[in-house]
Amino acid sequence: MLDKDGIARRIAKEIKDGYYVNLGIGIPTLVANYIPEDTHVVLQSENGLLGMGPFPYEGEEDSDLINAGKQTITMLPGSAVFDSAMSFGMIRAQKVDLTILGAMEVSEYGDIANWKIPGKLVKGMGGAMDLVASAKNIIVAMQQVSKSGDSKLLRNCTLPLTGIRCIRKVVTEMAVFEIDIENGGFQLIERAPGVSVNEIRNATAGRFSAADNVPEMQLGG
Amino acid sequence: MLDKDGIARRIAKEIKDGYYVNLGIGIPTLVANYIPEDTHVVLQSENGLLGMGPFPYEGEEDSDLINAGKQTITMLPGSAVFDSAMSFGMIRAQKVDLTILGAMEVSEYGDIANWKIPGKLVKGMGGAMDLVASAKNIIVAMQQVSKSGDSKLLRNCTLPLTGIRCIRKVVTEMAVFEIDIENGGFQLIERAPGVSVNEIRNATAGRFSAADNVPEMQLGG
Amino acid sequence: MINKVVTDAEEALVDVIDGMTLMLGGFGLCGIPENCINELVKKGVSSLTCISNNAGVDDFGIGLLLQQRQVKKMIASYVGENAEFERQLLSGELEVELIPQGTLATRCLAAGYGMPAIFTPAGVGTEVAEGKEVRNFGGKDYLLEMAFEADFALVKAWRGDTAGNLIYRQTARNFNPVMAMAGKVTVAEVEELVPAGTLNPDHIHTPGIYVHRIFQGANYEKRIEQRTVRKYEGLDVTKAEDYAG
Amino acid sequence: MINKVVTDAEEALVDVIDGMTLMLGGFGLCGIPENCINELVKKGVSSLTCISNNAGVDDFGIGLLLQQRQVKKMIASYVGENAEFERQLLSGELEVELIPQGTLATRCLAAGYGMPAIFTPAGVGTEVAEGKEVRNFGGKDYLLEMAFEADFALVKAWRGDTAGNLIYRQTARNFNPVMAMAGKVTVAEVEELVPAGTLNPDHIHTPGIYVHRIFQGANYEKRIEQRTVRKYEGLDVTKAEDYAG
Chain A
252 MLDKDGIARR IAKEIKDGYY VNLGIGIPTL VANYIPEDTH VVLQSENGLL GMGPFPYEGE
312 EDSDLINAGK QTITMLPGSA VFDSAMSFGM IRAQKVDLTI LGAMEVSEYG DIANWKIPGK
372 LVKGMGGAMD LVASAKNIIV AMQQVSKSGD SKLLRNCTLP LTGIRCIRKV VTEMAVFEID
432 IENGGFQLIE RAPGVSVNEI RNATAGRFSA ADNVPEMQLG G
Chain B
252 MLDKDGIARR IAKEIKDGYY VNLGIGIPTL VANYIPEDTH VVLQSENGLL GMGPFPYEGE
312 EDSDLINAGK QTITMLPGSA VFDSAMSFGM IRAQKVDLTI LGAMEVSEYG DIANWKIPGK
372 LVKGMGGAMD LVASAKNIIV AMQQVSKSGD SKLLRNCTLP LTGIRCIRKV VTEMAVFEID
432 IENGGFQLIE RAPGVSVNEI RNATAGRFSA ADNVPEMQLG G
Chain C
2 MINKVVTDAE EALVDVIDGM TLMLGGFGLC GIPENCINEL VKKGVSSLTC ISNNAGVDDF
62 GIGLLLQQRQ VKKMIASYVG ENAEFERQLL SGELEVELIP QGTLATRCLA AGYGMPAIFT
122 PAGVGTEVAE GKEVRNFGGK DYLLEMAFEA DFALVKAWRG DTAGNLIYRQ TARNFNPVMA
182 MAGKVTVAEV EELVPAGTLN PDHIHTPGIY VHRIFQGANY EKRIEQRTVR KYEGLDVTKA
242 EDYAG
Chain D
2 MINKVVTDAE EALVDVIDGM TLMLGGFGLC GIPENCINEL VKKGVSSLTC ISNNAGVDDF
62 GIGLLLQQRQ VKKMIASYVG ENAEFERQLL SGELEVELIP QGTLATRCLA AGYGMPAIFT
122 PAGVGTEVAE GKEVRNFGGK DYLLEMAFEA DFALVKAWRG DTAGNLIYRQ TARNFNPVMA
182 MAGKVTVAEV EELVPAGTLN PDHIHTPGIY VHRIFQGANY EKRIEQRTVR KYEGLDVTKA
242 EDYAG
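Residue numbers (my numbering), protein chains in the order written: chain A, 252 to 472; chain B, 252 to 472; chain C, 2 to 246; chain D, 2 to 246.
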């Protein structure tokens, strides 16, 4: 089983040199820590910035410079600032090469639920619906099973949807899956170290498939 | 009968302090010369400038600074430059208070033709179709009769249209008209100095109406 | 050049009345029109519909209007971080319409660019799509979303000139430029007001034609919502806590 | 930061082939990608569809491509000032689609903002509306106009950095920013190329994410199409010839 950093390390391997990347809150944020130094990426913050850098040194925080999580940040050389319409314009126009976000549920057809739990107070979808509906290349970082042991990889999502037929790749603490959006199904392509195909199959409620020899993940970072 | 400068002087009276104004090529350009000094207006050039000023002094021309007529210009203090999408965005959103343009024909329902003559080479509509379809307040500056003596204020335009039901005011060498777009008709509201109602009626092919005592124009400038 | 200067927020908002729809710029607490919000509180106008990406925190930003129960309806993309907001929502005092962040921004843009509606894929197949027209272009579904209409847009810029031209600073830009274009009346408050001709025309983000009233604001707090820092020594970009992600 | 720098127009346009659709920035001869146009002439690619507000003059701008009969179709809003263009149009060698200037700009914007189509009132009731969907919003008719698709967008900026960020100068901005956003591949030529980090992030008009290749152009002519001046002495703003209107 991977911990959160393990998931982030595995996802970091999907990032190619020259990518523009949008990282969601939570595990996706951790991915930034595992991008190799020789891989040049530009991080987009959807409030209106390309070229997001590390947190500022103490005393150098600037209230005019925050990320989509409202944290104080810095800008790297080559940054550009723009308004929110252009920010989501470039997202919709698929100029962002890779979007990494968390999820509460994913279905075998690539539907995703990650913004609302009935009975709990709704805070809003923020930019999540725009991101999932627009991005050509999304990786979902999520836990495969809930604390009560239920699979979150489902035939159909039970929670209100954030987007439909948009998720093609999922990385969990147990495995990497590709989703067949057209025909439905989670195809196992990598196992976490020490986790068997059977364990993964048992933790997948949606339709599951696996080749004969599913390799173990090689973790980057 | 007014000359071109007379038409421009009459139109200049329609310009109120604080107006943003877009001036077309030809007579409309002359209007700028007759705006009173205490009337503050900002001229828009639809290639992407607010705050257009006079032509530059010789030797100070800048190839990066032109107006929609491709002439070298200057910028006044308080100018702003923007791209063509924003330029037509503000036109469509009716932020420009007054648009003044020329026409070859206008109909009694406020249709306008000013971009194309069948059999002659077509150069294109430029921004004219956007301007007439968007502006809330358009004044057309035009000749009432052609060189062959035909009225250009028609029941229906004979030339290909630039826009429909958009012109509410026309200033010619003979008169000022308001157009009743809903019911159709040119209502005479002012006569050029020395021109009779009958002369104007005879030079108007579209439906014509006039009150009992139509005043002579007072020319500004 | 046309002079758009008013004395202060009181003069700028003199004709804001109960029941109006207001747009308020800012993202989180960054780039919000602090002076205008304070004036709305002082003025006590009520039954407002507020269009803003967020709803502030309990004691700052739009939260101040919520405290005084001046807001009838909130249109936003994310409204966390606000206990009073939650209370009013649960008690049914407050109406909330949640819309995707990009849809919010683009519906402002549409208003400012004279486009009655736009197509966006955001929300297709979700509850956001309920009652909306879905249309397929090139094999992909899009929702038809309408341009916003707002009586007033209240925005905050870094510098502005007497002609109403605005320049924003860093990510305090966010929704301000698109909302500035979208108000029937747009009020801009700026940290520094300069004479027309001071700003480089190439640097202006919001041309003055979109701004009806402008004033230099006072006493900006510019509160930071989440102060995140790294240590001076031992910066290690492989450490999560050192990286903003 | 990602490095987008190529050596010159030759390298930037290496994969442009016959039959492609190109967008070319500029208004009149102002802000046109001179180096890219010269390279297209040198390269000799043909059957091009060119989207540009204008078609240059006989011996400059897109006129150079017309001289070599490299253009199959021209999509523009105004094509005067070009005798060779007229000749090819009348002889049927050249196809021309004239569209309103604002529609042209907004169809570029739509592509850059991932909107499949936009609504505009421009052209309603005219021959431009033929075959297009008309839709009424709030009592006013609008045409549905589709986003452009272009294989390459060729734009000219004043300054650019190695990350592809662009700043335009004065009205040489015009169509360049919207076309820069709309190309499948966007090539930017700049008068001055600087290292990433040189430009103020608040001043950037086109963020580098939209730009795939950038180079510092050479030998800019920046020809003036209509040189209009006023006299140093005796300026009289009541004289037509002294005022640009």
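Yeah, the Cβ is synthetic: ideal placement off N, Cα and C, and Gly gets one too.
Check, Outcome
"Report the neighbours of S78 (chain C) on chain G: residues whose CB is nearer than 8 Å to its CB, in chain order.", "Protein chains A, B, C and D are contained in the structure displayed, whereas chain G is not."
"In the DSSP assignment, the alpha helix (DSSP H) including T107 (chain C) goes from what residue to what residue?", "Q102 to G113"
"What span of residues does the alpha helix (DSSP H) with L90 (chain C) cover, start to end?", "A84 to L91"
"Skipping 5 residues on each side, what residues in its chain have a beta carbon closer than 6 Å to that of V58 (chain C)?", "G64, E82 and N83"
"Are there 16 or more other CB atoms within 10 angstroms of the CB of M252 (chain A), so buried, or fewer, so exposed?", "exposed"
"Output needed in chain order: residues of the region 145-176 of chain D with a Cβ under 9 Å from some Cβ in chain C.", "M147, A148, W159, I168, Y169, R170, Q171 and R174"
"Taking the C-alpha atoms as reference points, what is the distance between N175 (chain D) and D60 (chain D)?", "22 Å"
"May I have a chain-ordered list of the beta strand (DSSP E) segments no shorter than 3 residues that lie completely inside the region 302-335 of chain B?", "326-332"
"Quick one: is V15 (chain D) buried, meaning 16 or more other Cβ sit within 10 Å of its Cβ, or exposed?", "exposed"
"By DSSP, does D381 (chain B) sit in helix, in strand, or in coil?", "helix"
"Run through DSSP, which three-state label would A228 (chain C) get?", "At residue 228 (chain C) the sequence reads Arg, which differs from the Ala that was named. Coil."
"Taking L281 (chain A) and D256 (chain A) to be in contact with their CB atoms under 8 Å, please state how far apart those CB atoms are, rounded to whole angstroms.", "6 Å"
"State yes or no: is the beta carbon of R343 (chain B) nearer than 8 Å to at least one beta carbon in chain C?", "yes"
"Does the beta-carbon distance from F428 (chain B) to R458 (chain B) come in below 8 Å?", "no"
"Check for me: the beta strand (DSSP E) holding Q438 (chain A) runs from which residue to which?", "F437 to R442"
"Please classify D362 (chain A) as buried or exposed, where buried requires at least 16 other C-beta atoms within 10 Å of its C-beta.", "buried"
"When every heavy atom of the ligand PLP is checked, does at least one fall within less than 7 Å of the C-beta of I210 (chain C)?", "Looking for the ligand PLP in the displayed structure turns up nothing, as the structure carries no ligands at all."
"Would you grab the beta carbon distance between S53 (chain D) and L25 (chain D) for me? Rounded to a whole angstrom, and I think it's under 8 Å.", "4 Å"
"Counting along the chain, where does the beta strand (DSSP E) carrying E356 (chain A) start and finish?", "E356 to S358"
"Would you check if the region 288-299 of chain A and the region 123-132 of chain D touch, i.e. whether three or more CB-CB distances between them fall below 8 Å?", "no"
"Just confirm the distance between the C-beta atoms of M116 (chain C) and G302 (chain B), as a whole number of angstroms; I'd bet it's less than 8 Å.", "Their Cβ separation, rounded to whole angstroms, is 25 Å, which puts M116 (chain C) and G302 (chain B) out of contact at 8 Å."
"Mind reading off the beta-carbon distance from T121 (chain C) to N166 (chain C)? Whole number of angstroms is fine, and I expect it under 8 Å.", "About 30 Å separates the two Cβ atoms, so there is no contact after all."
"Determine the DSSP secondary structure at A461 (chain B), reduced to helix, strand or coil.", "strand"
"Return the residues of the region 30-50 of chain C that lie within a Cβ-Cβ distance of less than 9 Å from chain A, sorted by chain order.", "L30, C31 and G32"
"Give the DSSP-derived three-state secondary structure of L155 (chain C) in the structure shown.", "strand"
"For E94 (chain C), does the three-state DSSP call read helix, strand or coil?", "coil"
"Ordered along the chain, which non-local residues of its own chain (more than five positions away) have a Cβ less than 6 Å from that of R343 (chain B)?", "S385"
"Pull up the distance between the alpha-carbon of I389 (chain B) and that of E433 (chain A), whole angstroms please.", "54 Å"
"Excluding the 5 residues preceding and the 5 following A454 (chain B) in the sequence, name in chain order all residues of the same chain whose CB lies nearer than 7 Å to its CB.", "Q395, V396, S402 and M425"
"So, using beta-carbon positions, are G126 (chain C) and I418 (chain A) closer together than 8 Å?", "no"
"Going by DSSP in three states, Q217 (chain D) sits in which element: helix, strand or coil?", "strand"
"By the three-class DSSP mapping on this structure, what secondary structure does L25 (chain C) have?", "strand"
"Could you pull out every residue in the same chain whose Cβ sits closer than 8 Å to the Cβ of P328 (chain B), ignoring the five residues on either side in sequence?", "G302"
"Excluding the five sequence neighbours on either side, which residues of its own chain have a C-beta within less than 6 Å of the C-beta of D254 (chain A), listed in chain order?", "none"
"Of the residues D:F138, D:G62, D:Y143 and D:R88, which one's Cα is nearest the Cα of L372 (chain B)?", "D:R88"
"Give me the residue from D:M147, D:F28 and D:A189 with the minimum Cα distance to A164 (chain D).", "D:A189"
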